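Numbered according to UniProt numbering, the sequence shown spans residues 1 to 168.
For each residue, glycine too, the CB sits at the ideal point set by N, CA and C.
Note that the structure is a prediction, hence the values are computed from the model and not measured.
This report refers to the structure that appears directly beneath it.
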Amino acid sequence: MIRLLTTTVRPLSQQYYTRSLLTRCFAVMATPPPAKVKLNVSNEEGHFEYERYWSRDKRFAPQRPGDTPARFLLRRLGHAYEVYPLIFLVGAWFCAFCVIAYVSLGKVEVWLDRGQKKAPWDWERIRDNYYKQHTVIYDIFGNTHGRLEIMEKLQDAMTEAAKKRGTR
């Protein structure tokens, strides 16, 4: 590039060349500013908003069907009714994903807070609230939320034995 600059009839500086190249590349804006003057609508019910069709104006990139995600997904809803079930399924999948993620992150096996040295499944940490944790997604009668006294005695004995051995 620099060699071409030295062979031109008119000498050009590198700064001028870079500035003109950047101006040419970025002269096309994505969207024009909103119109300064808009039509006044009489007091009718409904929604009235329009945008200019600037596809013939070389200063701006033209609007194309499907150039944004919303236009791509929703441009044919007026006559392509076979897309409605797909949109419903995507929405239902997203809702189910959010519910399952929320329930799964509430389980004791997931260690999100690494600020404590003991794991969340450590008996000394979970002894007072192990029975409150979710074990199934939907428990109508609360059968899974009962304390197990025999297991608590066994876990306490195992913890004491581990401390005596020095492995705890």
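Boundaries of the alpha helix (DSSP H) in which residue i is found, first to last residue
{"i": "Val102", "result": "Rather than Val, the amino acid found at residue 102 in this sequence is Tyr. Element bounds for Tyr102: 84-105."}
{"i": "Glu124", "result": "123-126"}
{"i": "Arg165", "result": "149-165"}
Short Cβ contact (8 Å threshold) for residue i with residue j
{"i": "Thr167", "j": "Trp123", "result": "no"}
{"i": "Phe60", "j": "Gly66", "result": "no"}
{"i": "Trp111", "j": "Ala119", "result": "yes"}
{"i": "Leu89", "j": "Val83", "result": "no"}
Of the listed residues the options, nearest to residue i (C-alpha basis)
{"i": "Met151", "options": "Pro85, Asp113, Ile126", "result": "Ile126"}
{"i": "Val103", "options": "His134, Arg147, Ala70, Leu73", "result": "His134"}
{"i": "Val108", "options": "Gly115, Asn129, Gln116", "result": "Asn129"}
{"i": "Arg147", "options": "Tyr131, Leu154, Leu86", "result": "Tyr131"}
Helix, strand or coil at residue i [DSSP, three-state]
{"i": "Phe72", "result": "helix"}
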